[in-house]
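Contents: one structure, followed by commentary.
2 protein chains.
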Amino acid sequence: MAVTILVVEDEPAIQELIALNLKRAGHMVLCADSAQQAKSLINNVLPDLVLLDWMLPDLTGIEFARKLRQEERTKSIPIIMLTARIQENDKIAGLEAGADDYITKPFSPRELIARIKAVLRRRLPEMSDEIIELGGLRLDPTTHRVHVNNDVDPLKTAEVNLGPTEFRLLHYLMAYKERVHTRGQLLDRVWGDHVFIEDRTVDVHIRRLRKILESVGKENLVQTVRGTGYRFSVECSEESIG
Amino acid sequence: MAVTILVVEDEPAIQELIALNLKRAGHMVLCADSAQQAKSLINNVLPDLVLLDWMLPDLTGIEFARKLRQEERTKSIPIIMLTARIQENDKIAGLEAGADDYITKPFSPRELIARIKAVLRRRLPEMSDEIIELGGLRLDPTTHRVHVNNDVDPLKTAEVNLGPTEFRLLHYLMAYKERVHTRGQLLDRVWGDHVFIEDRTVDVHIRRLRKILESVGKENLVQTVRGTGYRFSVECSEESIG
DNA sequence: ACAAATCATTACATTTTTATGACAAAAGTA
DNA sequence: TACTTTTGTCATAAAAATGTAATGATTTGT
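The structure is reproduced here in structure tokens:
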């Protein structure tokens, strides 16, 4: 589906150039000359990404970014900063305000598009509401329930009780089964992009998930891939000893 | 078949953005800056759906919607209102005028498209007047009564006394059983869209509902799903492993 | 075998979320 | 009007979940 991008840039020529390129890349574009105008636009439409010129005439770029990060509705919208030259101060301020990426002017349109793609890729995947049935587990997002198929009596299923994070983690792992995820990827996609949490914390949640799954006789579904991360797999990667 | 959508919105940027999104989604789009203009457009072409900004400059949005509902030719056209979060009276007026759905600004274009789809498919089976019998409860919307089946003597049923809000809440939960609803969804669906009520208030009403149900021996029907919301369920989520 | 790196596990303090009772405003009734 | 019911909010208690650090186990490379 179309991605809506808000461009906040006071220089008309640059604004137009950017807008043109974004449109050509298949995006919907909203333009604002100032933070002021950007705010009023955001009052009406929620963009999927904001391209923000840091050197706005009224110098309210930082404030604008911060405002976006504060409000519940907008706090997860990725922000890419456009700066003339990265001054140390800008960088710090930008980080504090929660920018996701920087682009230094002048930049090539191709670079811009590439960065945008990269940032958008990091968004939380919109997990569908489809029931996932895998490895003897059945996860239903709409009822928020996980059941284990009883191997003896297929009609009987036991419910598995998971905490919110364990549920999301399992959902994600099952949705992207058989694929290894680094701790960083899991943090980005299960916890959310703008969280600062120790990588090791993922271990603990994996542990909790495993513990619960073990208690219902599902042992080897969540596997460790040493040096990389974790994986949900139905294939048994154990007794492959030669 | 192409669906024709009339967009009534005075802000040019937003109008254009919406129009572009709709076009991209494969719809025919008609645009109007004012209720005035919309009326004359409708005289020529009959749209399949109307997107109506409630805050038109001439403040004739309400009147416009009402007019649509009055005239035979247009009275069954679904109306989606675009509203700012603040105006509370709008809700009443909107309901009276017969809007089918609301979208509160700021909204994401994705959300907009999704809602349009939903309305067009007549997705939401408006709460019917059918009697719902579930988990030992019998709820009759027409008589506005709830009965509990007596487990001992099936012929005897006790009546449960619920307040208006509790009744609607239970009705909704039973109509969409087994599914988790966030507090926001419940506020939208049971209280009405964009009402200014604290999320936590839902807790209190759930509490009241539970209290009443407990008093007639129905304990685990209304369940908490931590981190998400509530659910009406016949399956017991208790004796679960884990 | 040894040291380094990586992962597992446990315990615990903190934070977040939910439950519950009380209260006053609002709405409805007599 | 006086009285009852309903309803939204708050304060606080209770419960659950979460992140981190510390420690132990396992693997890996040399």
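For the record, the sequence lines run as chains B and A.
Going by the numbering used here, 182 is the number at position 182 of the first sequence; the sequence numbering is gapless.
Quick note: to get the numbering used here, add 1000 to the position in the second sequence (first position is 1).
Yeah, the Cβ is synthetic: ideal placement off N, Cα and C, and Gly gets one too.
- Under the Cβ criterion (8 angstroms, minimum of three pairs), the stretch 104-113 of chain B does not count as touching the stretch 137-144 of chain B.
- Counting along the chain, no beta strand (DSSP E) covers Leu17 of chain B; the unbroken alpha helix (DSSP H) around it starts and ends at Pro12 to Arg24.
- Residue range Ile132 to Leu134 is occupied by the beta strand (DSSP E) that includes Glu133 of chain B.
- When 8 angstroms is used as the limit between beta carbons, His144 of chain B is near these residues of chain A: Val1180, Val1225, Thr1228 and Arg1231, in chain order.
- Fully enclosed alpha helix (DSSP H) runs of no fewer than 4 residues are not present anywhere in the stretch 1206-1231 of chain A.
- Secondary structure of Asp53 of chain B (DSSP, three-state): strand.
- Spatial neighbours of Ile1212 of chain A in its own chain (CB-CB distance under 8 angstroms, excluding positions within 5 residues in sequence) are listed in chain order as Val1160, Asn1161, Leu1162 and Glu1166.
- Under the 8 angstroms Cβ criterion, the stretch 1025-1033 of chain A counts as touching the stretch 1002-1017 of chain A, having at least three qualifying pairs.
- The C-alpha of Arg210 of chain B lies about 26 angstroms from the C-alpha of Glu1178 of chain A.
- Within a 10 Å sphere around the beta-carbon of Gln1070 of chain A sit fewer than 16 other beta-carbons, which makes this residue exposed.
- Shown here, Met28 of chain B sits in a strand according to DSSP, grouped into three states.
- Take the alpha-carbon of Ile1116 of chain A and the one of Arg115 of chain B: they are about 31 angstroms apart.
- In the three-state scheme derived from DSSP, where H, G and I count as helix and E and B as strand, Leu1068 of chain A is classed as helix.
- By the criterion of a C-beta distance shorter than 6 angstroms, Glu16 of chain B is surrounded by no residue of its chain, once the five residues flanking it on both sides are discounted.
- Going by DSSP, Met81 of chain B is part of the beta strand (DSSP E) stretching over Ile79 to Thr83.
- Beta-bridge pairing by DSSP links Arg138 of chain B to B:Glu133 and B:His147.
- Nearest neighbour of Ile132 of chain B by Cα position, chosen from B:Met174, B:Lys156 and B:Ala99, turns out to be B:Met174.
- 7 angstroms or more divides the Cβ of Arg138 of chain B from the Cβ of Val180 of chain B.
- Taking 7 angstroms as the cut-off, the beta carbon of Arg1024 of chain A is found closer than this to the beta carbon of Ala2 of chain B.
- Bridge pairing for Phe1167 of chain A: absent [DSSP].
- Among the CB atoms of chain B, one or more fall inside 7 angstroms of the CB of Lys1105 of chain A.
- In terms of CA proximity to Gly136 of chain B, B:Leu221 leads the group B:Leu221, B:Met127 and B:Val7.
- DSSP lists B:Met81 as the bridge partner or partners of Tyr102 of chain B.
- Among the CB atoms of chain A, none fall inside 7 angstroms of the CB of Ala175 of chain B.
- Against chain A, a Cβ distance below 9 angstroms from Arg73 of chain B picks out Pro1106.
- Sequence-distant partners of Leu46 of chain B (beyond 5 residues in either direction) whose C-beta falls short of 6 angstroms from its own C-beta are missing from its chain.
- Our two residues, Gly217 of chain B and Gln1185 of chain A, have alpha carbons roughly 36 angstroms apart in a direct line.
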